[in-house]
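J.:
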Amino acid sequence: MQVDTPNRAEDSKLRSILFKAEEKKLVSKEEIGFITALVNRYRSDMERKVKQLYTIQGEIAQLKNNELMIVNMLENVIAAA
Numbered sequence: 009m010q011v012d013t014p015n016r017a018e019d020s021k022l023r024s025i026l027f028k029a030e031e032k033k034l035v036s037k038e039e040i041g042f043i044t045a046l047v048n049r050y051r052s053d054m055e056r057k058v059k060q061l062y063t064i065q066g067e068i069a070q071l072k073n074n075e076l077m078i079v080n081m082l083e084n085v086i087a088a089a
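When we follow the numbering used here, the leftmost residue of the sequence shown carries the number 9, and every step to the right adds one.
#1: Contact check, GLU31 vs LYS37 under 8 Å by CB: the rounded distance?
#2: Under the assumption that ILE40 contacts LEU26 (Cβ atoms under 8 Å), give the Cβ distance between them as a whole number of angstroms.
#3: Considering ALA89, what are the terminal residues of the alpha helix (DSSP H) in which it resides?
#4: By Cβ distance, which residues of its chain are closer than 6 Å to ALA8, with the 5 residues on each side in sequence left out?
Written out as structure tokens, the structure reads:
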């Protein structure tokens, strides 16, 4: 499973939008700081969730391997009998 994470183009777009909004007096510097902090928080949450996703995918793969080992072991026991 592929997860899209923010890249430089998105960072540039955000900076550009915030700059234009400030230039047109639509937002204050404090609001820009708040928006930036909020976006950074969302991004760090995303990164944390992606790490959790990879951990869970690894655990699932290990469980599948465990299942295969048990099935193979039983097949070998039956074949040896």
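Virtual Cβ for every residue (Gly too), placed ideally from N, Cα, C.
T.: In terms of the structure at hand:
#1: GLU31 to LYS37, Cβ: 12 Å. No contact.
#2: Distance from ILE40 to LEU26 at the Cβ level is roughly 5 Å; contact confirmed, criterion being Cβ atoms closer than 8 Å.
#3: Counting along the chain, ALA89 falls outside any alpha helix (DSSP H), and DSSP gives it neither H nor E.
#4: Since the first and last residues shown for the chain are 9 and 89, residue 8 lies out of range.
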